[in-house]
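Per our numbering, residue 992 is the first one in the sequence shown, and the count goes up by one each step. Idealized CB from N, CA, C, for every residue including glycine. Here's the structure, in structure tokens; my notes come after.
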Amino acid sequence: MPETLAVPPFSARIVERLSVGATSRRERVIHSLDGLEAPVHPNALATTGTRLWQCLQDELPDGLGSVDFLLGLDAGGILPTVSLAGAAQLPYKIAWKLHLPLDGAVRFSEPHAMRTDVFAYGIAPGQRIILVDDEITTGRTLADLTRRLREAGAVPLAAACLVEDTTCGARELLTALDLPLVSLTTIEGEA
């Protein structure tokens, strides 16, 4: 008989970043899916995607309607995007810090990063998109992405994240843009 593996609850916290550049944030949100402190079992990835999909359905009572795809952000957003895509049975794309000669390019900014330019490709008018990242602090990256997608005629429906740092105003910024923010968990405070 196969052994049943218990999946630990999702957890997150803020830690101080060492050796950071002048434009980088001094703190970093780390969480139980990033593999920094402990190995991650694939069941934890699947369970987290299912929980995040349930949060999206619960917190958006009017529903999402049809969704064309999820758009995850380079690096930290890859794991939650893949896990959410599996749970929701939706296709996904990833925005990368690569400037390539591909159609439908939308350029946006991640202002706190060392390399600030990020590109989403294959964006077309009318596409209905859920934005996904692992953590949201200020919300400035998702706000810029939302504006650029709308300029291209796409329809950002919501933003989903694993962790929201509630002290930096991201929710208010995205609400002002009429973009619902759905978080699996929230944290407050500095390292």
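Asked, Found
"On the premise that ALA1037 lies in contact with SER1002, defined as a C-beta separation below 8 Å, what is that separation, rounded to the nearest angstrom?", "Their Cβ separation, rounded to whole angstroms, is 17 Å, which puts SER1002 and ALA1037 out of contact at 8 Å."
"Since ILE1114 contacts LEU1140 with CB under 8 Å, what's their CB separation in whole angstroms?", "6 Å"
"Measure the alpha-carbon distance for GLY1054 versus SER1015 and round it to whole angstroms.", "36 Å"
"Taking the alpha-carbon positions, what's the THR1041 to ALA1079 distance?", "8 Å"
"Using 10 angstroms around the beta-carbon of ALA1029, count the other beta-carbons present and answer buried if the total reaches 16, otherwise exposed.", "exposed"
"What span of residues does the beta strand (DSSP E) with THR1166 cover, start to end?", "Counting along the chain, THR1166 falls outside any beta strand (DSSP E), though it belongs to the alpha helix (DSSP H) covering 1161-1167."
"Threshold first: 4 residues or longer. Then list the alpha helix (DSSP H) segments lying entirely within the region 1060-1122, N to C.", "1069-1079"
"Three-state secondary structure (DSSP) at GLU1155?", "strand"
"Taking DSSP's pairing of strands, which residues face SER1174 in a bridge?", "CYS1152"
"Taking the C-alpha atoms as reference points, what is the distance between THR1129 and THR1072?", "20 Å"
"Please state whether DSSP places ALA1145 in a helix, a strand or coil.", "coil"
"Do you know how far the Cα of LEU1081 is from the Cα of LYS1088?", "23 Å"
"CA-CA distance, SER1023 and VAL1031?", "7 Å"
"Could you compute how far the alpha carbon of ASP1156 sits from the alpha carbon of ALA1143?", "29 Å"
"Helix, strand or coil, according to DSSP, for GLU1028 in the structure here?", "coil"
"Quick check: what's the CA-CA separation for SER1174 versus GLY1095?", "29 Å"
"Rank THR1166, GLY1077, LEU1027 by C-alpha distance to the C-alpha of VAL1006 and give the top, closest one.", "LEU1027"
"Starting from GLU1050 and walking both ways along the alpha helix (DSSP H), at which residues does that stretch end?", "1033-1050"
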